[in-house]
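Only one structure is covered here, and it is reproduced in the block below.
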Amino acid sequence: MKKLGVVLIIIFAVFGCTSKKISPVYLEGESLFEKYIDNYLKGKQVSEVYFNKAVNVFQRADDFCNLSRLYLSRFVLNEENIDTKSLESAEFFADTGKCRDEKNIINYLTDKEYILEKLPEHYRKYIKHKKSKKYDGLEDILSAAPEYFTSRILRKTARESEGRKALILVDEAYQIDRFNGWTLNIYRDLKIKREIMLKMGSDISDIDVRLRNLGNILKIKK
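Residue numbers are given in the working numbering: position 105 of the sequence shown equals residue 120, and the series is strictly consecutive.
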């Protein structure tokens with residue numbers, strides 16, 4: 016799963032919509048999904064409550080494609096571990112519901128044959144930009160993407176960069192996460208910044224203090 020480093024934060028889409036009227040079921044599920052994302056990135060246990068409620072909404076509506084996207088979103092939000100169980104659930108719902116778009120994303124994530132043109136637009140732009148091996152202009156590529164997508168891509172690119180460039184990228188992610196109060200992401204940003212500054216021979220004592228404080232809040236085990 017070497018492509019897991021390229022993050023695909025899943026955004027809901029209305030499938031098969033032939034009118035401007037949006038289903039109240041979709042709106043309810045989308046609202047719960049957004050609360051799940053926000054609380055997860057803040058490191059709050061209540062995020063699972065919102066996730067389970069969103070699952071229930073789409074189960075009751077027999078909407079297997081958005082169920083697949085729910086589990087895909089949980090899978091890709093976990094930066095520290097490979098959430099195999101969520102990926103398996105996402106694939107089950109995609110296969111059962113014959114959800115081609117979700118199946119295409121799963122194929123991409125698991126190094127199977129996929130169709131680039133079928134991925135959401137800002138994913139396609141980022142993938143093409145990454146293949147060019149140029150980091151200049153990354154901010155423009157991400158301008159229309161959700162902020163949590165942008166934050167993670169900036170962290171990933173910072174890991175692939177060095178020195179001042181890496182620090183600039185991770186600081187941009189930090190500003191996004193601090194503005195939104197995403198404690199878990201702030202912790203992730205500072206961990207990367209610590210690694211970069213350590214390589215540069217800079218003092219990291221203040222970052223260690225901040226990481227310990229955030230780690231205690233998030234109840235992260237050492």
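Every residue, glycine too, gets a C-beta built ideally from N, C-alpha and C.
Inset, instruction - Determine the DSSP secondary structure at residue 157, reduced to helix, strand or coil. - result: coil
Inset, instruction - Quick one: using the 10 Å Cβ neighbour count with 16 as the cut-off for buried, is residue 175 buried or exposed? - result: exposed
Legend entry - Delimiting residues of the alpha helix (DSSP H) encompassing residue 45: 39-56
Legend entry - Three or more C-beta pairs below 8 Å linking the stretch 210-222 and the stretch 192-202: no
Legend entry - Distance between beta carbons of residue 105 and residue 87, contact taken as under 8 Å: 4 Å
Inset, instruction - Under 8 Å by Cβ, that's how I've got residue 90 and residue 82 pegged, so tell me the actual separation to the nearest angstrom. - result: With 8 Å as the limit, residue 90 and residue 82 do not qualify as a contact, their Cβ atoms being about 13 Å apart.
Inset, instruction - Taking the CB atoms as reference points, tell me whether residue 85 and residue 61 lie closer together than 9 Å. - result: no
Legend entry - residue 122 versus residue 221: straight-line alpha-carbon distance, rounded: 42 Å
Inset, instruction - Return the residue from the list 65, 97, 40 and 64 that minimises the CA-CA distance to residue 79. - result: 40
Inset, instruction - State the DSSP-derived secondary structure class of residue 101, mapped to helix, strand or coil. - result: helix
Legend entry - Reduced DSSP secondary structure (H/G/I, E/B, other) of residue 212: helix
Inset, instruction - Below 8 Å on the Cβ atoms is my guess for residue 51 versus residue 73; work out the distance and round it to an integer in Å. - result: The Cβ separation is near 13 Å, so there is no contact.
Legend entry - Backbone CA spacing between residue 75 and residue 160 [nearest angstrom]: 30 Å
Inset, instruction - On a CA-only basis, which of 92, 179 and 157 is nearest residue 136? Give me that one, please. - result: 157
Inset, instruction - Please name the residue in 115, 54, 236 and 129 whose C-alpha comes closest to that of residue 92. - result: 54
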